[in-house]
Amino acid sequence: MVTIGGTGVMVLGALVAAVVAALLALLLRRRTGTPTAVAVAGLLWSVVAIALVTLVPTRPDTGFVPAETRSTSCSWDYGGPSGTTFEVLGLDQRTLNVLLFVPAGLFLVLAVGRWWAGLVLAPLGLLLLAAYSLGIEFVQLQVARIDRACDVTDMVDNVLGAGIGFVLGLVLLPLVRPWRGRRTAH
Numbered sequence: 012m013v014t015i016g017g018t019g020v021m022v023l024g025a026l027v028a029a030v031v032a033a034l035l036a037l038l039l040r041r042r043t044g045t046p047t048a049v050a051v052a053g054l055l056w057s058v059v060a061i062a063l064v065t066l067v068p069t070r071p072d073t074g075f076v077p078a079e080t081r082s083t084s085c086s087w088d089y090g091g092p093s094g095t096t097f098e099v100l101g102l103d104q105r106t107l108n109v110l111l112f113v114p115a116g117l118f119l120v121l122a123v124g125r126w127w128a129g130l131v132l133a134p135l136g137l138l139l140l141a142a143y144s145l146g147i148e149f150v151q152l153q154v155a156r157i158d159r160a161c162d163v164t165d166m167v168d169n170v171l172g173a174g175i176g177f178v179l180g181l182v183l184l185p186l187v188r189p190w191r192g193r194r195t196a197h
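According to our numbering, the sequence shown is numbered sequentially starting from 12.
Below you can see the structure in the form of structure tokens.
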């Protein structure tokens, strides 16, 4: 049986996604201007990176996880024990879950900030990021093979991260001014 997982797969996937996003930014740059092109590409990259970090098994040796042994419900123990048992670079799981969604919220605002429709699209996008987090937790609950756990704390932390990124995007919007790159028809 072929097993795939671990941080190496996550990092490699994120690097491949970064190359694809950079190519997308180059293609969009002429049409939308550099700030919007980079923001759209950054949003795409961050959504893919989130999927990699949350849906790829944490270890390549996970092997077969029988469906009968998977959890049948999400943990509703808010702030439960898993938040303190997992660390990367000295950061606990809760902090990492928040940080994971910050770029998506930030790039979302900058990606739609050049258009007046962004006044509707940005809040709608924030709701979609919350739904994305919910969807990830649902997949973690349903797919035993990835050996992940559904946890309401993760959803709250993810939405908090997206919200922080959203606010940062609003703060950066007047500095980045994505509307500058707008081309007018002659």
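C-beta: ideal position from N, C-alpha, C; glycine also.
With a threshold of 16 other CB atoms inside 10 Å of the CB of Arg125, please say whether the residue is buried or exposed.
For the purposes of this step, residue 125 is taken as the residue at position 114 of the sequence shown. With 16 or more neighbouring CB atoms inside 10 Å of its own CB, Arg125 falls in the buried class.
Taking DSSP as the reference, what is the three-state secondary structure of Asp158?
Counting from 1 along the sequence shown, the entry for residue 158 is found at position 147. Under the three-state reduction of DSSP output, Asp158 falls in the coil class, being neither helix nor strand.
Same chain, Cβ closer than 7 Å to Thr195, five either side skipped, listed in chain order:
Here the question's residue 195 lines up with position 184 in the sequence shown. Caution applies to Thr195, whose pLDDT of 49 falls short of 50 and renders its modelled position unreliable; the model cannot decide the point.
Taking C-beta to C-beta, are Phe112 and Ala173 nearer than 8 Å?
Along the sequence shown, read from residue 1 onward, the residue named residue 112 stands at position 101. Along the sequence shown, read from residue 1 onward, the residue named residue 173 stands at position 162. Yes, Cβ-Cβ distance for Phe112 and Ala173 is below 8 Å.
Residue from Ala141, Ala160, Ala36 whose Cα sits closest to the Cα of Val109:
If you number the sequence shown from 1, residue 109 lands on position 98. Closest by alpha carbon: Ala141.
Buried or exposed, going by whether 16 or more other CB atoms sit within 10 Å of the CB of Glu148?
For this step, residue 148 is matched to residue 137 along the sequence shown. By the 10 Å Cβ count, Glu148 comes out buried.
Cβ-Cβ separation, Leu54 to Pro119 (assumed contact under 8 Å), whole Å:
Numbered from 1 along the sequence shown, position 108 holds the residue referred to as residue 119. Numbered from 1 along the sequence shown, position 43 holds the residue referred to as residue 54. Note on identity: in this sequence residue 119 is Leu, with Pro being the wrong assignment. The pair is a contact, with the Cβ atoms about 6 Å apart (cut-off 8 Å).
From which residue to which residue does the alpha helix (DSSP H) around Ala141 run?
Translated into positions along the sequence shown, residue 141 becomes position 130. Note, Ala141: alpha helix (DSSP H), 129-153.
What does the alpha-carbon distance come out to for the pair Ala33 and Leu39?
As a first step, residue 33 is located in the sequence shown; it is residue number 22 there, counting from the start. As a first step, residue 39 is located in the sequence shown; it is residue number 28 there, counting from the start. A direct Cα-Cα distance of roughly 10 Å separates Ala33 from Leu39.
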